[in-house]
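A.B. asks:
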Amino acid sequence: MGKLAIGCFPGLVGNMTFDFAMKLADAAADKGHSVSIWFSGNATGSVKAHQKHLKDYSTGEKPLLALIAKGVEICTCEACTVARGVQKPESIEGVQWNAMHWYLARVHAADRVLLIGGE
Amino acid sequence: MGKLAIGCFPGLVGNMTFDFAMKLADAAADKGHSVSIWFSGNATGSVKAHQKHLKDYSTGEKPLLALIAKGVEICTCEACTVARGVQKPESIEGVQWNAMHWYLARVHAADRVLLIGGE
Amino acid sequence: MKLGVFVSDFNLTVDTLDRLKAEKLGIILVQNGVYHATTKVSGKASSLLDKTQNLYVLSDDVQIRGLKVEDVDKRVKVVNYSDIVDLMFNDYDKTAWL
Amino acid sequence: MKLGVFVSDFNLTVDTLDRLKAEKLGIILVQNGVYHATTKVSGKASSLLDKTQNLYVLSDDVQIRGLKVEDVDKRVKVVNYSDIVDLMFNDYDKTAWL
Amino acid sequence: MGDVKVAMIVQKPQYKGETSRLAITHAISYQTVEILLEDGETVTPKLCFIGEGVLGLQKGQNAMELYGITSTESHMKNTLLVDLDVLVCKEDLDKYGIPEDAMPNADEMGADKTIQVVPFAEIQKAIEEANHVMFF
Amino acid sequence: MGDVKVAMIVQKPQYKGETSRLAITHAISYQTVEILLEDGETVTPKLCFIGEGVLGLQKGQNAMELYGITSTESHMKNTLLVDLDVLVCKEDLDKYGIPEDAMPNADEMGADKTIQVVPFAEIQKAIEEANHVMFF
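Protein chains in written order, with my numbering: chain A, 1 to 119; chain B, 1001 to 1119; chain C, 2001 to 2098; chain D, 3001 to 3098; chain E, 4001 to 4136; chain F, 5001 to 5136.
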């Protein structure tokens, strides 16, 4: 099986680009691929714990926890995250915190890379 | 003097549409206008307290505190904010929390309205 | 180069797809990109569909918009998330999100 | 209707400005919208500048991009945030951000 | 000022981003704004869809099952149930080949209102008559 | 795999949004990735600007004074100081009437590299030669 490194920049709530990244990662993990996800930019807001899942909004927390449980590796850009006022103890358990080179290292190991831009 | 009601949807860090809204509100307040700002969508992330101001990123917290000190009224959409995992005790002091009708009420009272869309 | 490109908007702000060359080009229509497959503008199908024979559209993103699989242009293959993973690993060696 | 419109992109994805009518139309160029005032595409100035004689560009947003006030098309008035507030209250009765 | 008219104009398609959805929920909130206003004061939004904004209105949306969120179709039904005026640009529906009967309605829920498919000139008029305009 | 080549292509202007800035900082981070890799493993980005992406590179940016943030100009100098290859599309500079000498350089800081203004064909080549591509 292969290794997939996804980079995701767009934010979570109501932004369906984020939902796309989650569902793609899920489908790849289900097929036995090894998946890592890097959050930068607005997507780092998705690692805040205790998101209230309202029906009108998609949520970041539920799919992230499900992916982590499946062995998908998830890492948030520390600078982007603290700039948004979210500290590590406030974030979802199991999400890694690192600098941008974490993503480049996963890209190094990956067979396929998908960088999803957009704000 | 007049009343200005600004609605702001785009997010804070590195999103310079947010910066525009802050600076416009500041200039209007300096001229003696009464200003209210409504955050919805990604902009609600800006009310999280303890944002670390890194040089590479614009920050939401500093200009918000400065505006509040000047008497600018700031309110965040509660649903949008809790959907992002930010609870009231974690938010910047002085920011109001309310539902979307808060904005419509401020629009009712306003002489001028600027709704800034975008994600 | 075998390049799989994701298109997520109807109204594209970049002309990158017009300029990029690839021996094998795949276009995967997702999000608002699905309208390229389902919707004619003033009776004319999207010019994107002329760029390659390897066209795919994400079924979920068609259906969430109230569109039907029958509305999809015959040149475009309807796929799901799992198919996209296979396309990425088996049919293309690089993928881009424009 | 006296309508002041903020334009914040160079490449517009909406044609709303082509369709909207106003007795007095003002266009205030901010953020990436400032390129309409400073930058010709293939030697041609932006067609936005032909839409009205009431054109404004935000000085800060010109300067942050390394552009100079001298680069601004002569038809466009260079303004600051304070001027924009006055425009909104004194010259237009409605404002829109496209 | 007793009644304040607001024209809310959606120019972007639904779903990819959040703004075009929030336009609808902001319009619906006119229903409860009276708790923050004096007696006799009202806000009356007209919700207008133009350009690519008309794309995301079609019936038969499958958002809850596929993505776990409320569909725009369901939001549109709510706008009709709370008696909002909803104007959809006819020229743009024609441009994209969308038939008028693809627009959602809330007849079965007892709504009096229906979505009004109108020429752009009507939307221009709504913008002119409004005290304030908001583009999403 | 020893070296992995990544083509990072910026197609959007700087400043309004964050993504086009993050492209640059992600590229710069190649410098420290070795701490996470085995000996002999490297990542080599090429940072390319095309379309509207070429607009936000010009010298003389006043970002810190006006908005309190690092300018893209300063980021570009850093890319040169860490010996990154930066390719800017000549056709697009011409299209927008931007002279080559408006591109920032880091000569006074002792950088060996300069921004390379190249035909789009060179950027196409960088994309072809790369193991992975990223569009911002």
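Beta carbons: idealized from backbone N, C-alpha and C, even for Gly.
Quick check: T1044(B) and G1118(B), are their CB atoms within less than 8 Å of each other?
C.D. replies: no
A.B. asks: Would you decide whether V3069(D) is buried or exposed? Buried here means 16 or more other CB atoms lie within 10 Å of its CB.
C.D. replies: Looking at its Cβ environment, which holds fewer than 16 other Cβ atoms inside 10 Å, V3069(D) is exposed.
A.B. asks: Buried or exposed: which applies to Q1087(B), given that a residue is buried once 16 or more other Cβ atoms fall within 10 Å of its Cβ?
C.D. replies: Flag for Q1087(B) reads exposed.
A.B. asks: In whole angstroms, give me the CA-to-CA distance for A99(A) and T5019(F).
C.D. replies: 16 Å
A.B. asks: Rounding to the nearest angstrom, what Cα-Cα distance links L3012(D) and A3045(D) in this structure?
C.D. replies: One C-alpha to the other measures close to 15 Å.
A.B. asks: If we cut at 8 Å on Cβ distances, does Y103(A) have a partner in chain B?
C.D. replies: Chain B, which has no Cβ nearer than 8 Å to the Cβ of Y103(A), makes this no.
A.B. asks: At a CB-CB cut-off below 9 Å, which residues of chain E make contact with T3016(D)?
C.D. replies: I4009, Q4011, I4050, G4051, F4135
A.B. asks: Determine whether the Cβ of L3012(D) lies closer than 8 Å to any Cβ atom of chain E.
C.D. replies: no
A.B. asks: Could you pull out every residue in the same chain whose Cβ sits closer than 7 Å to the Cβ of A109(A), ignoring the five residues on either side in sequence?
C.D. replies: K3
A.B. asks: Tell me which same chain residues have a C-beta within less than 6 Å of the C-beta of N3054(D), skipping the five on either side of it?
C.D. replies: G3026
A.B. asks: Does any C-beta atom of chain B lie closer than 8 Å to the C-beta of E61(A)?
C.D. replies: yes
A.B. asks: At a Cβ threshold of 8 Å, is H4075(E) touching chain B?
C.D. replies: no
A.B. asks: Which residues, in chain order, does the segment 4054 to 4083 of chain E contribute to contact with chain A at a C-beta distance below 9 Å?
C.D. replies: M4064, Y4067, G4068, I4069, T4070, H4075
A.B. asks: If I'm right that V1113(B) touches Y1057(B) with Cβ under 8 Å, what's the distance once you round it to whole angstroms?
C.D. replies: Contact doesn't hold; Cβ gap of about 29 Å is too wide.
A.B. asks: Name, please, each residue of chain E whose Cβ falls closer than 8 Å to the Cβ of N42(A).
C.D. replies: Near N42(A) there are no residues of chain E at all, since even the closest Cβ is about 11 Å away, more than 8 Å.
A.B. asks: Could you please give me the residues that DSSP links to P5045(F) through a beta bridge?
C.D. replies: V5006(F)
A.B. asks: State the Cα-Cα distance for the pair K3074(D) and L1065(B), rounded to the nearest angstrom.
C.D. replies: 38 Å
A.B. asks: Give the single residue among D2050(C), K2051(C), S2082(C) whose Cα lies nearest to the Cα of S2059(C).
C.D. replies: When C-alpha distances from S2059(C) are compared across D2050(C), K2051(C), S2082(C), the shortest belongs to S2082(C).
A.B. asks: Using alpha carbons as the reference points, say which of L5066(F), Q5058(F), E5091(F), T5044(F) lies closest to H5075(F).
C.D. replies: Q5058(F)
A.B. asks: Relative to the C-alpha of D5085(F), which candidate in T5032(F), V5006(F), N5131(F) has its C-alpha closest?
C.D. replies: V5006(F)
A.B. asks: Just checking my contact of G41(A) with C80(A) at CB under 8 Å: how many whole Å lie between their CB atoms?
C.D. replies: 6 Å
A.B. asks: Since D111(A) meets chain C, which of its residues come closer than 8 Å, beta carbon to beta carbon?
C.D. replies: F2089
A.B. asks: Assuming L4022(E) contacts V4054(E) (C-beta within less than 8 Å), just tell me the rounded distance between them.
C.D. replies: Their Cβ separation, rounded to whole angstroms, is 17 Å, which puts L4022(E) and V4054(E) out of contact at 8 Å.
A.B. asks: For a contact defined as C-beta to C-beta under 8 Å, what are the partners of T2095(C) on chain A?
C.D. replies: R112, V113, L114
A.B. asks: Go ahead and label K5077(F) buried or exposed: buried means 16 or more other beta carbons lie within 10 angstroms of its beta carbon, across all protein chains shown.
C.D. replies: With 16 or more neighbouring CB atoms inside 10 Å of its own CB, K5077(F) falls in the buried class.
A.B. asks: Are the Cβ atoms of A29(A) and I92(A) separated by less than 8 Å?
C.D. replies: no
A.B. asks: Just how far apart, CA to CA, sit Q3063(D) and G1007(B)?
C.D. replies: 26 Å
A.B. asks: Could you spell out the range, first to last residue, of the alpha helix (DSSP H) harbouring Q5116(F)?
C.D. replies: Segment 5116 to 5118 is the beta strand (DSSP E) holding Q5116(F); no alpha helix (DSSP H) there.
A.B. asks: If the criterion is Cβ atoms closer than 8 Å, does the pair T5114(F) and L5081(F) meet it?
C.D. replies: no
A.B. asks: Please identify the residue among V2014(C), D2018(C), V2005(C) whose C-alpha is closest to the C-alpha of V2030(C).
C.D. replies: V2005(C)
A.B. asks: Return helix, strand or coil for T3095(D), following the three-state DSSP convention.
C.D. replies: strand
A.B. asks: Would you report the Cα separation of Q1131(B) and G1094(B), rounded to the nearest angstrom?
C.D. replies: Lying before the first or after the last residue shown, residue 1131(B) is absent from chain B, which here runs from 1001 to 1119.
A.B. asks: Say whether chain F places a C-beta atom closer than 8 Å to the C-beta of T1076(B).
C.D. replies: no
A.B. asks: Any beta carbon of chain A sitting closer than 8 Å to that of G4017(E)?
C.D. replies: yes
A.B. asks: Would K5090(F) count as contacting chain D if we go by Cβ distances under 8 Å?
C.D. replies: No Cβ of chain D is located within less than 8 Å of the beta carbon of K5090(F).
A.B. asks: Please report the distance separating the alpha-carbon of S3042(D) from that of D2018(C).
C.D. replies: In a straight line, the C-alpha of S3042(D) is about 18 Å away from that of D2018(C).
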